[in-house]
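Following: one structure in structure tokens, then a few remarks.
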Amino acid sequence: MEINEISITRAIIDRYYTKLKDNLEIDVAIAGGGPAGLVAGHRLAKAGRKVALFERKLSVGGGMWGGGMMFNEIVVQEAALPILDEFGIRRSRYAENTYTADSVESVASLIARAVQAGLTIFNCISVEDVIMRPDRVTGLVLNWSPTEMAGLHVDPLAIGCTFVIDATGHDTEVVRVVEKKVPGKLNTPSGRIEGEKSMWSDKAETLTLENTREVFPGLYVAGMAANATYGGPRMGPIFGGMLLSGEKVAAELLERLA
Ligand code: 48F
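Residues in the sequence shown are numbered consecutively from -15, following the working numbering.
Set out below in structure tokens:
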């Protein structure tokens, strides 16, 4: 049968709208598709939770593609090797507690396994705000990234969820909105965003895990956003902490949702 342009168009519209409508009320909404968000999404989906991830860029993967300064290799320490293995990411030992993996293979594998486990990814959509009720965050306010980039005055749409994970990396964008616009204080020492500190890889990797927690009712932070929120240092192109942070936030949410 001849390929028909209108049929192609109808198929894409139908399928996309079904996907979108199917994710209007979910268990967990993840903002940001870097390594932390992808691992969290994978774990939650695999456990049967309804979870969607919203990524501003066309490509999902955040800061992992570029390795260190575009040398496309990443470093992962021993503690996170089981996660690489689970995702089928090949790695090789370089030195004690220092393993390397191809960054492109790493991102591609994280994305593929997460989607196949049931995570729905919406790319090119930016989280611009949250839905709030007096005492908690209950959803995300979304808009097309090109709308945001063009500075067009177009109202957003929203989805509801039981929990939000801010996995937006260094910019910690969801927490920033909550700090600015939602009444109440963040669960940080100052009640505000403490702000990311300069590089200290060893300390940062440990702190990323400690800082992965609920920062406001209904809102968790994971990955680099956790360190930026709680005042931890940056770590550079070592990614074990990001992977373990995604694992930790998913485990906590699975308990809360049980
Ligand atoms: O930055 P990113 O990779 O976050 P991560 O998972 O990992 C951090 C590391 O890549 C690296 C590091 C150490 O290893 O320091 O930086 O914590 O991914 C964050 C993603 O969130 C997207 C952004 O485009 C990126 O892909 N993002 C940021 N703000 C928004 C957003 C937003 N408002 N809406 C949707 N996506």
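The beta carbon of each residue, even a glycine, is placed where N, CA and C say it ideally should be. Quick caveat: nothing in here was measured; it's all calculated off a predicted structure.
Apart from the five residues just before and just after residue i, which ones in its own chain have a Cβ nearer than 7 Å to its Cβ?
i: LEU241; result: ASP11, ARG33, THR146
i: VAL158; result: ALA15, VAL111, VAL114, VAL148, ASP150, THR152, LEU203
i: GLY46; result: GLY16, GLY17, GLY18, PRO19, GLY153
i: LEU68; result: VAL60, ARG75, ALA85
i: LEU141; result: LEU126
On the criterion of 16 or more Cβ atoms from any shown chain inside 10 Å, does residue i qualify as buried, or is it exposed?
i: MET53; result: exposed
i: GLN100; result: exposed
i: TYR204; result: buried
i: ARG(-6); result: exposed
i: HIS26; result: buried
i: ILE(-13); result: exposed
i: GLY51; result: buried
i: VAL138; result: exposed
i: GLU189; result: buried
Quickly, what does DSSP pair residue i with across the bridge? List them, please.
i: GLU39; result: ASN107
i: ALA15; result: PHE38, ASP150
i: MET116; result: VAL121
i: TYR83; result: VAL60, ARG77
i: ASN7; result: ASN7 pairs with nothing; no bridge assigned.
i: ASN205; result: The question names Asn, but residue 205 is Val in the sequence shown. BP columns for VAL205 point to ASP150.
i: TRP128; result: ILE109
i: ALA101; result: Bridge partners of ALA101: none, in fact.
Just to check my reading of the structure: residue i and residue j have Cβ atoms closer than 8 Å, yes? What is that Cβ distance to the nearest angstrom?
i: ALA210; j: THR192; result: 6 Å
i: GLY207; j: ALA20; result: 3 Å
i: VAL233; j: ALA24; result: 5 Å
i: GLU89; j: ILE73; result: 6 Å
i: VAL91; j: MET48; result: 5 Å
i: LEU28; j: LEU227; result: Going by Cβ atoms, the distance from LEU28 to LEU227 rounds to 15 Å, so no, they are not a contact pair.
Ordered along the chain, which non-local residues of its own chain (more than five positions away) have a Cβ less than 8 Å from that of residue i?
i: LEU170; result: VAL159, VAL162, GLU163, ARG176, ILE177, VAL199, PHE200, THR213
i: ASP119; result: GLY168, PRO201
i: SER182; result: PRO217, ARG218
i: ASN56; result: TRP49, GLY50, ASP86, SER87, VAL88
i: ASN81; result: GLN61, GLU62
Run the proximity test for residue i: is its beta-carbon closer than 6 Å to any non-hydrogen atom belonging to the ligand FAD?
i: PRO217; result: Of the ligands one can find in the structure shown, namely the ligand 48F, none is the ligand FAD.
Identify, in the order they occur along the chain, each residue of the same chain with its Cβ nearer than 6 Å to the Cβ of residue i, setting aside the five sequence neighbours on each side.
i: THR196; result: ALA206, ALA210, SER229, LYS232, VAL233
i: SER93; result: PHE71, GLY72, ILE73
i: GLY220; result: MET183, SER185
i: GLU236; result: none
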